Every structure is written in C-alpha cells, then in structure tokens.
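Undergrad: Per this note's numbering, the very first residue in the sequence shown carries number 296; after that it's consecutive. Mind looking over this structure? Questions follow.
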Amino acid sequence: MCQPSVRGVTGGQVPLRERHGGLAPPGPALCPPAGRAAPAAAGLLPAAPAGRTRRLYRARGGGALLLSALLLDGRRNRQLPAYWKMSAVGVVSSRSCLRPSVWLLKPGIQKASSFGLHMAARCAAKDYYEVLVLGGGAGGITMSARMKRKVGAENVAVVEPSKTHYYQPLWTLVGGGAKQLATSARPTGSVMPAGVEWIKSRVTALDPDKNCVYVENGSKISYKYLIIALGISLHYEKIKGLPEGFHHPKIGSNYSAHTVEKTWKAVQDFKEGNAIFTFPNTPVKCAGAPQKIMYLSEAYWRKTGKRSKANIMFNTSLGVIFGVKKYADALLEIIKERDIAVNYKRNLIEVRADKQEAVFENLDKPGVTEVHQYEMLHVTPPMGPPDVLINSCVSDEIGWVDVDKETLQHKKYPNVFGIGDCTNLPTSKTAAAVAAQSGVLDRTISLVMKNQLPTKKYDGYTSCPIVTGYNKVILAEFDYNAQPLETFPLDQSKERVTMYHMKADMMPFLYWNALLKGYWGGPAPVRKLMHLGLK
C-alpha cells in the first residue's frame, strides 16, 4: 500500500473558516438557517417579492430573472435573506440561458454576483469531491472548467495556494521591456470557474491507494477522480550564490515574477562587456525562452547604439541550439548574422554577484570550470518536479507524474490523470502543449467515467513562438517525434511580423478568454482547415 510521504498528517474535516485560511467572513454563515434548506438546493424558487420586483419576475420569465430583481432591490437598500441571494445566484450558475440577462447589469452588480458565486462554493466546503484538481495554473484551471461542465461545479475542487495567477509566456516580453508585468497577472479567484471550490492550501501528500490527498493544514480530501496539474518547480538555490545574488544589479531572470523586471533593468543599464544568457542542465518550461531574451537584448542594444560594445554569449548545457532541426537551422543563421557566440555543454553552477562573475562547468569535461566576467547576466534556473511528487506513488523514478503519453491517464491508477509541466510526457513543457493536452484529457476522462477505454490520442503537439526581435517571431510547432506540425500553410521557420503580433496580442487573449474557460484545445481544427484537411 502506498502511504503518504509526510509525517504527522492526520485526516478529518476542519472548520470552514480554518479551511479557507481565515478568509471566511465573520458573523453568521451565509448558508440558510439550520433546518431550512435553501430554495435552490430544494429545486424551488422563493415567491416573487412585491412591487417592482414582482413585475420584473412576471414580465421577464419568473425565476429566470430573479437575480436581476434581487440585485435591483439591493440597490434600493432593501434587506433580503442571504440564502435567497445565494439561491438566485445558484440559478445563474446552473443555467446558461440566463447569461444574456446578467451582462446587461452594471459592472458593479456583475462583480457582486461573481462574489456571491464564490461564497456559495465556500458554503459547500467538504472533504470529498467527484473531481479534485491539484494546481491552479493553466492546466488546473482549464481542466476544472471542463470538469465543471461535466459533473457540476459543486462536485469539483481545486487545491491552489497562490493568490495570483500569471500568464507566464508574456514574461519574455516583460523582460525585454515590451510589456508590463501587471498585464500578465490576475487574481486567482477571478480565473477560478464560478462555483468550483477553491481550496487555498498546498497539497502535502498523495495517497492514490485510498483515493485521497492531504493538504498543509492536515485536512484529508477524498476524490473519485484526480487530475494532477502541479506544474514545475524552480531551483535557483541549486546555483551557488542564488537567489541572494538577485539583490545585486546586472542580473535578472525571466522565469520568476520577482526577477523578471530585474532583467529589463539589467538590459537598460548595460554599458560594455559580456552579456551572458544561460540554459541549465535540467528540463525547463518553454525551452525557447532562454534565447528569446537574448535576441530582444541584442535588438535593444543595436537600437540604442550599444551593440558594438556587447559581447553576447549563449552558454547552454545542451548540445544543440534547438531540438527541431528545421528551426535550429533558422536560428543558427540568425545567430551568425548577429554575431552571437554559442558555447555548448556549459552549465551555470555559481554566480559571484558581488564580483559580477559567472562560473560554468564544462559538461564534456566533468570537474573543469570556466569563470566569465559579466556586465549583464540572464539566468534560467534548474527546474524539477514539485517536492510533493518526488518519491510519490504517482510519479516515475525522477518525480514526474507517470502517465500514458497518448491518453494522459496514469499508468497504474486509472482514476488519476496528469496534465502539463508536472508530467513525464516526452514533449516540450509549454502552455500550447497544455491546450492540446486539455482536449485529449477531457475526452479521456469522459470515457473513463463511462467505463470505456480512452480512444483519443495526444500526438505531443507543442509550440514555441521564438521571439527574435521586437517585431519578429519564428513560430515553432512540432510533435513527439520533433517533426514540424505547423498550423499555417507557409514556412514558419521564417521570421514574421504577423507571428509576433499573434504572440504578443492574440495568444494572451486566447489564454484568458478561451483556454482558462475550457474552450481552447489547441490549433488542430485550424490546422486542418488551413491545410484543407490534408494535414
């Protein structure tokens, strides 16, 4: 039997207020009075109030627009029972036909109704869910939205401790000064599907043999189906001298919200000398990002007249510039044109920020190191699976969630699934990969719920829009076999302005408005249309 990998963890349900980190409002609960079921829960609506509200109720379809009536009464300072408000909001959350009436309300009222939905979810906090999602990143949010439509919001919960959700692919442009960090961030509550329970805690152990997990306050949460979407962990501390070295100037990293703005500062403050960009000796998310910021920096220094004073170096632990030959050839041409030095098999092991020195190990000659002085240093940190997955029953020997590469179903536990960076899928870890995986996983879970074998197969699709300038992008798209799997009927290895705008403007819109809402499963349908069904 697989036992939890932490000590002192106990089961049992905890009080609602403690479970939500003390965020539940003080005073009386928002649930109906004891012994009295909320009208929505009983399948009934309360009688229409008198006056203007009664007229709205009758003229606009009875219970369907009760929410509008109640909120209008609220604006006129009428006091209504809390559970009436909850039941009205529950009607909206469960009936899509009501949405047209909601958007007509003023913004302030819409905000109030959204708050009500989350409060309704808090009312129903429990220790068992039909679908439990671990992680509130791209994979976790999109799958919780999809599962909500499948089993109902009240049967889905997401365990996620972070208060802020970031669209991380935008950080390349933030580090290059083309976007602001604030545009990549939204409150986690605003992207959480309405009605889905948000458990604001961190998972500390998984026990798939007993269909349960434990969170950091000691609570035990059971499930029927588990989706693991815990992402990937950054390990700056594995480089000697970091993360404390970020307190010094001339150094930054686009992989953290705490350090990405330091990158832009270092680019702007560059005067003369070595500009070094690194790639670690571990799997990373968005493997193109370490060189994207290099091309943006080079373009900025060329524009500001500093290029001739910059010796740009790309020190990578890999033996190639990119894993797909078609795009690697194109990038090598750009590197040659822009006079950039590439040093393969070089792994950053130490940063002496006070001396502006970076120490690299030569992976072809173990134990042999090189020390480089820098005027600007961009660090891509070592990465790995989250600690909770290391030595877990659901993980492989390294710590990645062990799933079937075609169905995303766990190889041992049929009611456990994985998506995104935390899995051992042999493809690049990107948001584009998550989008493609979400559509496959949705279908996989649907069939498993019906006791049928999964049939839809994930082909390893992933995408990396390689930013090569402030208005240029090479759109790399490929599959498990490192073969191009391009959406558009043109040569995507060429730098294009249109692809830059897709990266900078269209993809963020798709992320916030389609992927996180569970409506975007990757560009496969577009690809089929563009290639007239031949690809």
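Glycine included, C-beta positions come from ideal geometry on N, C-alpha and C. As the structure is a prediction and not an experimental result, all values here were calculated from the model.
CB-CB under 6 Å to Q787, same chain, minus the five flanking residues each way: which ones, in chain order?
TA: Contacts found: L770, E781.
Undergrad: Taking its Cβ as the centre, do 16 or more other Cβ atoms sit within 10 Å of D502, making it buried, or is it exposed?
TA: Looking at its Cβ environment, which holds 16 or more other Cβ atoms inside 10 Å, D502 is buried.
Undergrad: Is the stretch 513-522 touching the stretch 606-625 in the sense that three or more CB pairs, one from each, lie closer than 8 Å?
TA: At 8 Å Cβ cutoff, the stretches do not touch.
Undergrad: DSSP on H826, reduced to helix/strand/coil?
TA: Of the three classes helix, strand and coil, the one that applies to H826 here is coil, per DSSP.
Undergrad: Apart from the five residues just before and just after A329, which ones in its own chain have a Cβ nearer than 7 Å to its Cβ?
TA: Here A329 scores only 36 on pLDDT, less than 50, and its place in the model should not be relied on; the value that follows carries that caveat. Excluding positions up to five away in sequence, the list is empty.
Undergrad: Which partner residues does E645 have in the DSSP bridge list?
TA: Answer by DSSP bridge pairing, in chain order: K535, V654.
Undergrad: Taking the C-alpha atoms as reference points, what is the distance between M438 and P676?
TA: Each residue's Cα considered, the two are about 28 Å apart.
Undergrad: Taking G816 and S741 to be in contact with their CB atoms under 8 Å, please state how far apart those CB atoms are, rounded to whole angstroms.
TA: Actually they do not touch by this definition, with Cβ atoms about 13 Å apart.
Undergrad: Can you grab the Cα-Cα spacing for the pair A570 / L537, in whole Å?
TA: Cα-Cα distance, rounded: 18 Å.
Undergrad: Does DSSP classify Y518 as helix, strand or coil?
TA: Y518 falls in the strand class under three-state DSSP.
Undergrad: Helix, strand or coil: which one does DSSP assign to C717?
TA: C717: helix per DSSP, three-state reduction.
Undergrad: Would you tell me roughly how many angstroms separate the C-alpha atoms of L827 and M802, rounded to the nearest one?
TA: Their backbone Cα atoms lie some 23 Å apart in a straight line.
Undergrad: How long is the line joining the alpha carbons of Y509 and T499, rounded to whole angstroms?
TA: Rounded to the nearest angstrom, the two C-alpha atoms are 6 Å apart.
Undergrad: Excluding five sequence neighbours on each side, which residues of the same chain lie with their C-beta closer than 8 Å to the C-beta of Y775?
TA: Here the set comprises K700, P721, T722, D754, G755.
Undergrad: Cα separation between P464 and K535?
TA: In a straight line, the C-alpha of P464 is about 27 Å away from that of K535.
Undergrad: Use the C-beta contact count for A636: other C-beta atoms within 10 angstroms, 16 or more gives buried, fewer gives exposed.
TA: So A636 ends up on the exposed side.
Undergrad: Would you list the one or two residues that DSSP bridges to G679?
TA: For G679, which the question treats as bridged, DSSP gives the partners S528.
Undergrad: Which residues does DSSP pair with D697 in a beta bridge?
TA: Paired residue(s): none; D697 is not in a bridge.
Undergrad: Out of T739, P680, T558, K745, which has the shortest C-alpha to C-alpha gap to L529?
TA: Nearest option by C-alpha distance: P680.
Undergrad: Enumerated in chain order, which unbroken segments of the beta strand (DSSP E) with a length of 3 residues or greater are wholly contained in the stretch 417-476?
TA: List check, beta strand (DSSP E) in window: 423-429, 451-454, 459-461.
Undergrad: Tell me which same chain residues have a C-beta within less than 6 Å of the C-beta of V729, skipping the five on either side of it?
TA: A433, G434, G715, listed in sequence order.
Undergrad: What does Y708 pair with, by DSSP beta-bridge criteria?
TA: Answer by DSSP bridge pairing: none, since Y708 is not bridged.
Undergrad: Alpha carbon to alpha carbon, how far is D564 from V555?
TA: So the alpha carbons of these two residues sit roughly 15 Å apart.
Undergrad: Determine the closest residue to V579 out of C759, D800, Q778, L805, with distance taken between C-alpha atoms.
TA: The residue with the shortest Cα to Cα distance from V579 is C759.
Undergrad: Could you check which residue in R441, G540, V821, P818 has the C-alpha nearest to that of L672?
TA: Answer by Cα proximity: G540.
Undergrad: Is the beta carbon of G568 closer than 8 Å to that of Y669?
TA: Going by C-beta atoms, Y669 is nearer than 8 Å to G568.
Undergrad: With a cut-off of 8 Å, do at least 3 Cβ pairs link the stretch 638-656 to the stretch 604-619?
TA: Enough Cβ pairs lie closer than 8 Å, so yes.
Undergrad: Residue range of the alpha helix (DSSP H) that K484 falls in?
TA: In the sequence as presented, Lys is not what sits at residue 484; that position holds Gly. Start and end: 483-486.
Undergrad: Within 10 angstroms of the Cβ of P784, are there 16 or more other Cβ atoms? Answer buried if so, exposed if not.
TA: So P784 ends up on the exposed side.
Undergrad: Taking the alpha-carbon positions, what's the S389 to P779 distance?
TA: Confidence at S389 is low in this model, with a pLDDT of 36, below 50, so the placement of that residue is unreliable and no value is reported for it.
Undergrad: Keeping to the same chain, check which residues put their C-beta closer than 6 Å to that of L525; ignore five residues upstream and five downstream.
TA: Correct list, in chain order: L429, G430, P681, C717.
Undergrad: Just to confirm, is the Cβ distance from Y550 to V426 under 8 Å?
TA: Cβ distance not < 8 Å, so Y550 and V426 don't count as in contact.
Undergrad: Is the distance from the Cβ of V762 to the Cβ of T467 below 8 Å?
TA: Yes.
Undergrad: To which residues of the same chain is N450 closer than 7 Å at the C-beta, ignoring the five residues directly before and after it?
TA: Counting only Cβ-Cβ distances below 7 Å, and skipping sequence neighbours, we find Y424, E425, V426.
Undergrad: Distance check for K789 and N766, CA to CA, integer angstroms please.
TA: So the alpha carbons of these two residues sit roughly 13 Å apart.
Undergrad: Is the separation between the beta-carbon of W695 and that of N719 shorter than 8 Å?
TA: In this structure, N719 lies closer than 8 Å to W695 by Cβ.
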